[in-house]
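Contents: one structure, followed by commentary.
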Amino acid sequence: MSSIVSLPDQSTARIPKRNYLTNENGILSWLLTGDHKRIAILYLISITFFFFIGGALAGLIRLELLTPQSDLMAADTYNKVFSMHGIVMIFLFLVPSVPATLGNFLIPIMVGAKDLAFPKINLLSWYLYMIGGCLTLWAMITGGVDTGWTFTTPLSTHYVNTNVVTTGLAIFIAGFASIFTGLNFIVTIHRMRAPGMTWFKLPLFVWSNYAASILMVLGTPVLAIALVLVVLERTIGIGVFDPTKGGDPLLFQHLFWFYSHPAVYIMILPGMGVISEVISTFSRKRVFGYSAVAFSSVAIAVFGFFVWEHHMFIMGVSNYSTLVFSLLTMLVAVPSAIKIFNWAFTLYKGSITFETPMLYAFGFMGLFTIGGLTGVFLGSSGTDIHLTETYFIVAHFHFVMVGGMLMAFLAGIHFWWPKLTGRMYPEKISQLAAVVTFIGFNFTFFPQFLLGMLGMPRRYAAYPPEFQVLNVFSTAGATILGVGYLLPILYLIWSLKYGKVAGNNPWQATGLEWQIQSPPLTENFIEIPVVTQDAYDYEWLERQKEREVTQVG
Amino acid sequence: MDSPTVALHESSHGEHPSYQRHHFVSMAQQKESASFGMWLFLLTEIMFFGGMFTAYLVYRNWYYPAFVAGSHTLSIVLGTTNTGVLITSSFTMAMGVWCAETRRRGGLILSLILTLVLGLAFLGIKSVEYHEKWVQHHVPGLRFDAMTFVHPKAEPGQAAEPPLPLDMAQHTEVYFSLYFAMTGMHALHMIIGMGLLVYMLIQAIRGAYDNGNIAFIENFGLYWHFVDIVWIFLFPLLYLISRHQ
Amino acid sequence: MSAHEEHSSEEQHIVSPKIYVLIATALLLCTALTVAASYLELGPWNAVVALAIAVFKASLVVLFFMHIKYSSKLMKLTVGAGLFTFLTLVGMSMSDYISRAWGSF
Ligand code: HEM
Ligand SMILES: [Cu+2]
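Note that the protein sequences, when read in sequence, are chains A, B and C.
Just so you know, the first sequence maps onto residues 2 to 554 in my numbering.
Just so you know, the second sequence maps onto residues 60 to 304 in my numbering.
Just so you know, the third sequence maps onto residues 2 to 106 in my numbering.
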């Protein structure tokens with residue numbers, strides 16, 4: 002396998018003495034930091050923690066579903082486990098996954114700024130996230146919540162006696178963490194670009210995070226008010242969603258999905274940005290159709306607001322609006338497809354190498370395509386009636402969220418790990434992890450498409466015995482997948498101490514972040530750069546290297 | 060180290076004021092970023108209230124007679140007064156921003172005090188109204204009785220409201236739910252605003268804004284005006300439904 | 002424009018108090034107007050008039066008190082984006098509620 006990794010001479014290579022990690026010491030210098038890179042690391046540690054909590058719950062779910070009866074846990078415990086799994090994974094892992102970690106770390110550097118526009122608000126965002134996260138855990142420990150991650154009324158307001166209020170408040174608070182991240186990004190991208198850094202010279206990672214930020218800022222408050230109204234309904238009994246008082250429970254779903262459909266794009270868009278960077282770097286080509294990819298991010302953000310009702314087709318909404326929303330749902334698949342095609346064209350005749358991030362990116366492309374296409378099945382109101390509330394949906398969204406976003410997250414973590422830490426991860430074992438993840442993933446979730454087609458409903462602890470074979474497949478796959486996720490955490494931690502020193506630009510990539518030292522200085526740039534080159538200009542990079550050589554020589 | 064990409068950018072913007080944060084290139088950039096950030100925050104507020112406005116629109120169409128009846132229990136005098144009070148406080152706040160921009164410390168302090176007093180007046184009147192609702196058993200969930208709408212009593216000097224059928228009368232609870240959710244959320248924003256006003260007042264008295272570092276005041280101004288705008292919509296939607304009936 | 006030169010170099014536009022007084026007066030008058038209008042029998046137009054006046058008042062506040070009239074294109078666009086998303090939420094939710102009673106195909 003060829004590769005483009007170019008590490009400095011390891012016998013003399015050193016991590017720069019002065020960098021953002023060594024700049025200050027002590028726990029307080031982390032907890033009170035305004036440095037976007039340190040906050041990114043704080044976020045990275047926290048979301049990893051929540052990822053493993055969510056993962057453990059997923060393990061419990063799969064274990065329970067090994068057999069047709071509900072024998073590992075009682076049915077209502079099972080409800081709490083899958084609810085908590087969904088809540089933790091979506092609100093505490095996927096939504097902040099790429100933006101709050103990689104985005105936080107990279108966006109200021111990519112636009113050529115010294116920090117995000119509002120460092121204190123950035124830190125506040127992390128604290129809100131932690132408060133929300135801890136409250137969620139508290140709710141779980143003190144009895145859990147069993148509404149599913151969707152908090153659907155009137156179940157959540159009337160029929161359950163679990164910690165809906167605590168969890169609702171927790172998600173409300175975590176929502177503001179996300180709003181503040183998005184707000185910070187938008188202002189930074191608009192206002193803090195370096196001289197010469199025009200919109201169309203921005204890396205696509207910035208574009209896609211920008212689009213996701215728009216969704217965070219405009220969508221999340223609607224979730225917030227929906228949750229506030231649920232909490233008020235439970236605590237003092239106001240009657241906005243309560244059918245006995247004349248309220249409409251469906252209104253809650255309108256508000257909830259007004260956020261939560263865009264939220265799925267909050268989750269995927271930053272991942273798409275990662276994929277653009279990775280694909281370009283490892284095929285040594287400019288991303289094909291740069292502006293199409295850039296605008297498709299914005300298009301996804303805008304169209305994302307027009308389709309939410311496809312989650313409610315069978316809930317009793319009007320047939321006529323079902324028709325409209327079904328058509329609009331087809332529309333939103335178009336920009337996603339544009340991206341996939343453009344990445345494929347980027348690969349075409351590129352000098353492709355197969356480093357770990359690239360393997361994850363390939364995984365992303367395949368799995369996201371399947372996930373997106375099955376989304377179109379679900380968006381067609383006719384097929385949806387058959388498939389909704391079955392395992393088909395579970396497979397659909399795991400293909401996009403786990404096969405898509407989690408793959409993209411891991412691609413990004415591996416890709417920028419040398420920049421984050423200054424050290425390389427071990428290549429061979431990480432390639433193995435990528436392959437194991439891919440195999441485990443397909444084993445876990447592909448059978449669920451079949452189960453859904455056969456009619457196995459989601460969210461039940463027990464199922465008819467004829468579904469057992471496929472469920473055993475799925476649980477076995479989940480075990481492999483679990484190994485695939487444990488490996489990176491082990492070798493990445495190992496690499497913090499023993500990894501090879503990476504140097505500034507191990508991938509020979511073109512982004513501004515690769516032109517500075519790794520790990521970067523606290524102020525990122527000694528002098529604010531003046532940008533003259535386009536994004537992904539590998540010839541420019543060659544010329545730079547030549548100049549450097551002649552200057553040194 | 061110095062990277063090869065990085066050509067030098069003359070940082071010769073002359074003297075930077077002491078309150079310019081290190082990561083901004085210029086004061087203009089810092090100011091623009093702050094007000095842009097504030098506007099984005101206000102967008103989230105629009106959407107936050109937007110959820111309740113949607114609910115309002117749905118139920119007003121469904122339960123129009125209940126909304127009319129509910130609306131008629133509100134005091135038009137108090138509501139109108141409060142609208143005037145809030146608009147005036149927006150005006151005094153705008154003047155406060157102007158005083159800060161032109162570095163009139165006395166004027167700024169006076170404006171802030173007036174804004175604070177008007178804000179307090181608004182909340183005072185609001186609490187009188189809330190109390191009245193409590194007395195009349197019009198607080199959804201906690202203390203509610205729809206019977207007053209089935210058998211309306213005539214107020215002194217006024218004809219009785221037309222009675223509602225029982226099921227429609229019960230839907231007034233939806234109206235009052237929205238009334239309390241919307242005005243309550245609005246009042247909460249006022250209370251937060253008053254806290255910030257007190258903070259700014261102390262800072263202004265200390266002379267903290269004399270050096271022109273007034274981004275906080277300007278952005279608070281935006282917030283306060285936004286709260287005013289919300290009320291501008293709440294007033295006709297909640298108080299003025301078919302007053303002629 | 003300000004007499005304080007440091008500000009004018011940063012293209013700061015300071016709105017004069019005269020305009021503030023004017024706008025505040027207009028807002029108070031509009032309030033009186035909307036109360037008066039609600040006592041007229043206009044049928045469905047009552048709601049339209051009330052909303053139109055409210056929108057007018059809100060625009061005054063946004064344009065003058067909040068300085069959007071004197072702000073950059075980006076700020077105007079930002080306000081527009083908020084309005085647009087708000088209308089999407091309200092309008093598209095209503096598309097369900099309005100047509101529920103139309104029955105099925
Ligand atoms: C590419 C275009 C996509 C289309 C057309 C699409 C379409 C749909 C539709 C119609 C449903 C509702 C199914 C039902 O409830 O009956 C659905 C559910 C779902 N989708 Fe997608 N989707 C797409 C992409 C995504 C992406 C990118 C994500 C996340 C990253 C995602 C996450 C979800 C989730 C979480 C659910 C289930 C929600 C629940 O009921 O718990 N989808 N999708
Ligand atoms: Cu959706």
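The beta-carbon is built from N, C-alpha and C at its ideal position, and this holds for glycine as well.
So which residues on chain C does A:Tyr321 lean against when the C-beta distance must stay under 7 Å?
Result: Ser100, Trp103.
Excluding the five sequence neighbours on either side, which residues of its own chain have a C-beta within less than 6 Å of the C-beta of B:His72, listed in chain order?
Model confidence at B:His72 stands at a pLDDT of 44, short of 50, so the residue's coordinates are unreliable; what they give is reported in the following sentence. Result list for B:His72: Ser85, in chain order.
Is A:Val303 buried or exposed, if buried means 16 or more other CB atoms sit within 10 Å of its CB?
By the 10 Å Cβ count, A:Val303 comes out buried.
Nearest by alpha-carbon distance to A:Gly433: which of A:Leu360, A:Met406, A:Gly504 is it?
Note that residue 433 of chain A is Leu in the sequence shown, not Gly. Out of A:Leu360, A:Met406, A:Gly504, A:Leu360 has the C-alpha closest to the C-alpha of A:Leu433.
Which bits of chain A does C:Leu75 rub up against, with CB to CB less than 7 Å?
Simply His191.
Using a Cβ-Cβ cut-off of 9 Å, state whether C:Ser96 counts as contacting chain B.
Output row for C:Ser96: interface = no.
According to DSSP, is A:Leu522 part of a helix, a strand, or is it coil?
In the structure shown, A:Leu522 sits in a strand (DSSP, three-state: E or B).
State the DSSP-derived secondary structure class of A:Val318, mapped to helix, strand or coil.
Coil at A:Val318, not helix or strand.
What does a CB cutoff of less than 8 Å around A:Pro109 pick up in its chain, not counting 5 residues either side in sequence?
Result list for A:Pro109: His37, Lys115, Asp116, Leu117, Thr189, Met193, Asn525, in chain order.
Taking contact to mean at least 3 C-beta pairs separated by less than 8 Å, is the segment 198-216 of chain A in contact with the segment 277-297 of chain A?
The segment 198-216 of chain A, when compared against the segment 277-297 of chain A, does touch it at the 8 Å Cβ threshold.
Would B:Ile300 count as contacting chain C if we go by Cβ distances under 9 Å?
Interface residue, yes.
Ignoring anything shorter than 3 residues or poking outside the segment 233-283 of chain A, list the beta strand (DSSP E) runs there in chain order.
Qualifying beta strand (DSSP E) stretches: none in this window.
So B:Leu102 contacts chain A; which residues on that side make the cut at Cβ distance below 7 Å?
Correct list: Val218, Leu219.
Can you tell me whether A:Pro458 is helix, strand or coil according to DSSP?
Three-state result, A:Pro458: strand.
Using a Cβ cut-off of 9 Å, which residues of the segment 182-201 of chain B contact any Cβ in chain A, in chain order?
Listed by position along the chain: Val198, Pro199, Gly200, Leu201.
Quick one: complete alpha helix (DSSP H) runs, 4+ long, within the segment 332-385 of chain A?
DSSP runs (the alpha helix (DSSP H)) wholly in the segment 332-385 of chain A: 357-380.
Do C:Ala82 and B:Leu102 come within 9 Å of each other at the CB atom, strictly closer than that value?
Yes, the pair counts as a contact, with Cβ atoms nearer than the cut-off.
Tell me which residues share the same chain as A:Met454 and place their Cβ nearer than 7 Å to its Cβ, disregarding the 5 neighbours each side in the sequence.
Excluding positions up to five away in sequence, the list reads Phe393.
Sorted by chain position, which residues of the same chain lie with C-beta nearer than 6 Å to A:Lys546's C-beta, five sequence neighbours on each side aside?
Nothing meets the Cβ criterion.
For A:Val161, does the three-state DSSP call read helix, strand or coil?
Coil.
Answer yes if the segment 340-348 of chain A comes into contact with the segment 260-271 of chain A, meaning at least three C-beta pairs across the two stretches below 8 Å, and no otherwise.
No, because fewer than three Cβ pairs between the segment 260-271 of chain A and the segment 340-348 of chain A fall closer than 8 Å, the two stretches do not touch.
Which residue from A:Phe442, A:Ser382, A:Leu487, A:Gly113 puts its Cα closest to that of A:Pro530?
Per the Cα distances, A:Gly113.
May I ask you to check if the CB of A:Trp208 is nearer than 8 Å to at least one heavy atom of ligand 2?
No, ligand 2 has no heavy atom inside 8 Å of this Cβ.
Go ahead and pull the three-state DSSP assignment for B:His197.
Three-state result, B:His197: strand.
Can you tell me whether A:Thr1 is helix, strand or coil according to DSSP?
The first residue shown for chain A is 2 and the last is 554, placing residue 1 of chain A beyond what the model contains.
May I ask you to list, following chain order, the residues of the segment 52-70 of chain C that have a beta carbon less than 7 Å from some beta carbon of chain A?
Those would be none; no residue qualifies.
Excluding the five sequence neighbours on either side, which residues of its own chain have a C-beta within less than 8 Å of the C-beta of C:Ala38, listed in chain order?
These residues qualify, in order along the chain: Asn47, Val50, Ala51, Ile54.
Quick one: list the residues of chain C neighbouring B:Met259, beta-carbon separation under 8 Å, in chain order.
What B:Met259 touches in chain C: nothing, since even the nearest Cβ is about 17 Å away.
Does at least one heavy atom of ligand 1 sit under 8 Å from the Cβ of A:His312?
Checking the Cβ of A:His312 against ligand 1 gives yes.
Which partner residues of B:Val233 appear in the DSSP bridge assignment?
Looking at the DSSP assignment, B:Val233 forms no beta bridge with any residue, so it has no partner.
Cα-Cα, which of A:Ala213, A:Asn24, A:Gln70, A:Asp243 is closest to A:Thr154?
Nearest of A:Ala213, A:Asn24, A:Gln70, A:Asp243 to A:Thr154, Cα basis: A:Asp243.
Closer than 8 Å by beta-carbon distance: list the chain C residues that pair up with A:His255, in chain order.
Simply Ser94, Asp97.
Roughly how many angstroms separate the alpha carbons of B:Gly271 and B:Glu277, rounded to a whole number?
Spanning the two alpha carbons is a distance of roughly 11 Å.
Is A:His397 near ligand 1, in the sense that its beta carbon is under 8 Å from a heavy atom of that ligand?
Within the cutoff, so yes.
Roughly how many angstroms lie between the CA atoms of A:Thr375 and B:Tyr258, to the nearest whole one?
A:Thr375 and B:Tyr258: Cα-Cα distance of roughly 54 Å.
Excluding sequence positions up to five away, which residues of its chain have a Cβ less than 7 Å from the Cβ of B:Leu67?
Only weak support exists for where B:Leu67 lies, its pLDDT of 36 falling under 50; the value from the coordinates is given anyway. Answer for B:Leu67: no residue qualifies.
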